[in-house]
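Enquirer:
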Amino acid sequence: YFIIHKLGAWETDLSLIRNFFSRGEFSQLPLVSEKSDQSWLLNEAGLALLNTGQPKEAEEHILTAVLRAIAAKDWINASGGYQNLADLQFRTGEIKKALESAKRALKLGEKGRFYESIIDSEAYRAQIHHLLGASKEAGKRFKEADEAERKAFGHRLSRLSGLFYAGFLISIKRIEEVLELTGQNLEVSKRNNWVTIILGCHRCLAAIERIKENHKRAGVHLEKALELARKVGMPELEIEALLEYGRLYLEKGEYKDAINAGNEVLKICQRTGFLLYEPDAEVILARAYLARKDSNQAKTFANSAHLKAKKMGYKLAENDASKVLKEIRSKMK
Numbered sequence: 444y445f446i447i448h449k450l451g452a453w454e455t456d457l458s459l460i461r462n463f464f465s466r467g468e469f470s471q472l473p474l475v476s477e478k479s480d481q482s483w484l485l486n487e488a489g490l491a492l493l494n495t496g497q498p499k500e501a502e503e504h505i506l507t508a509v510l511r512a513i514a515a516k517d518w519i520n521a522s523g524g525y526q527n528l529a530d531l532q533f534r535t536g537e538i539k540k541a542l543e544s545a546k547r548a549l550k551l552g553e554k555g556r557f558y559e560s561i562i563d564s565e566a567y568r569a570q571i572h573h574l575l576g577a578s579k580e581a582g583k584r585f586k587e588a589d590e591a592e593r594k595a596f597g598h599r600l601s602r603l604s605g606l607f608y609a610g611f612l613i614s615i616k617r618i619e620e621v622l623e624l625t626g627q628n629l630e631v632s633k634r635n636n637w638v639t640i641i642l643g644c645h646r647c648l649a650a651i652e653r654i655k656e657n658h659k660r661a662g663v664h665l666e667k668a669l670e671l672a673r674k675v676g677m678p679e680l681e682i683e684a685l686l687e688y689g690r691l692y693l694e695k696g697e698y699k700d701a702i703n704a705g706n707e708v709l710k711i712c713q714r715t716g717f718l719l720y721e722p723d724a725e726v727i728l729a730r731a732y733l734a735r736k737d738s739n740q741a742k743t744f745a746n747s748a749h750l751k752a753k754k755m756g757y758k759l760a761e762n763d764a765s766k767v768l769k770e771i772r773s774k775m776k
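When the sequence shown is numbered by our numbering, its final residue is 776 and no position is left out of the sequence of numbers.
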């Protein structure tokens, strides 16, 4: 718990988990007798692989752990496993599959009557609806999760669920509410020393400051977010910080830096398989090249972003790419 939640040290966790497998190979079952312990270790191995940028290797272990937990009627760990599977699936671009996993996570959380699992599963469903462009459904489910968190724990939606909700609120420009939500999440996270959530809060605060055109403050928050993301070694967190850097550079007119940030994201996506973020990076690249009056490069990236987003059902990025393509067409007339 300390290594993961307090330090965010997933590489260390992965090394420790290997000790429970024959020759450190995850193709074998863990060397423990209790089935519940086997299930937990398989899920932990999968989660560590996912968070170190190895989703392909992670999926089988997470799914095996889920099936074993269900067989043992361990509803809480089964629900958590499906949340992990949903996370893996939407980050690798399998958004519709992720929605099904989130639904199963919620059903099992309700079966186990575990509040935190129910709330987080509902937030995963909301996040995936958000990615699919179903804003009304996403807003409804986020609100339900937020109210449940207040009732159960006395504060607003926190942890990763709070970051998901903040991202949704930022997208619909409910800035004051994001500030309240993220402020509480940051306070809870600092109290518990949840490093990965702390850096996520800084990324959200950076987005708020960017929207408010406080570019210097946005840069301060992003510097903290990117530094922590690289320190804990979680590629998806580095990607999210770099994407926000790219958006900030665009608004500041620093197009070369925006291009560098976009290209860095694409490299990480190719290395890890976190394909969800490719269209976002390509939209940044398209906007940067358009601003530099290179319409051909801009069109290439915008078309690519549109095709990739449409294929995975990522409606938010598809809409962003469509807007850029429209701008390009108007400038090329």
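Cβ coordinates follow ideal geometry from the N, Cα and C atoms, glycine included. Source: prediction; values computed, not measured.
Let me make sure I understand the geometry here. Which of Arg556, Ser564, Glu683 has the alpha-carbon closest to that of Pro722?
Expert: Glu683
Enquirer: Can the beta-carbon of Ala545 be found closer than 9 Å to that of Ile571?
Expert: Yes. Within cutoff.
Enquirer: Assuming Ala529 contacts His504 under a Cβ cut-off of 8 Å, what Cβ separation, rounded to an integer in Å, is found between them?
Expert: About 15 Å; that fails the 8 Å criterion.
Enquirer: For Ser778, which option in Thr639, Val663, Tyr757, Glu619 has the closest C-alpha, if you only look at C-alpha atoms?
Expert: Nothing can be reported for residue 778: it is not among the residues displayed for the chain, which extend from 444 to 776.
Enquirer: What are the boundary residues of the alpha helix (DSSP H) that Lys766 is part of?
Expert: 758-775
Enquirer: Restricting to Cα atoms, I'd like to know which of Ala734, Leu685, Lys539 is closest to Lys710.
Expert: Leu685
Enquirer: Who are the Cβ neighbours of Leu824 in its own chain at under 7 Å, not counting the five residues just before and after it?
Expert: The displayed coordinates of the chain run from 444 to 776. Any statement about residue 824 would go beyond what the structure contains.
Enquirer: I'd like the list of long-range same chain contacts for Tyr444, defined as Cβ closer than 8 Å, with 5 residues on each side in sequence excluded.
Expert: For Tyr444, the pLDDT reaches just 41, beneath the cut-off of 50, and the residue's location in the model is therefore unreliable, although a value from the coordinates is still provided. No residues qualify anywhere along the chain.
Enquirer: Can you check whether the CB of Tyr757 is closer than 9 Å to the CB of Ile538?
Expert: yes
Enquirer: Which residue wins for smallest C-alpha separation from Gly396, given the options Gly643, Arg653, Thr507, Arg730?
Expert: Residue 396 cannot be examined here, being either before or after the span of the chain that is shown, 444 to 776.
Enquirer: What is the DSSP secondary structure of Phe557, counted as helix, strand or coil?
Expert: coil
Enquirer: State the DSSP-derived secondary structure class of Tyr444, mapped to helix, strand or coil.
Expert: Low confidence applies here, because Tyr444 scores a pLDDT of 41, under 50, leaving its location unreliable and the question unanswered by this model.
Enquirer: Can you list the alpha helix (DSSP H) stretches of 4 or more residues lying completely in the region 520-566, in chain order?
Expert: 538-555
Enquirer: Whose C-alpha, out of Glu697, Gly524, Phe557, is nearest the C-alpha of Phe596?
Expert: Relative to Phe596, the option among Glu697, Gly524, Phe557 whose CA is nearest is Phe557.
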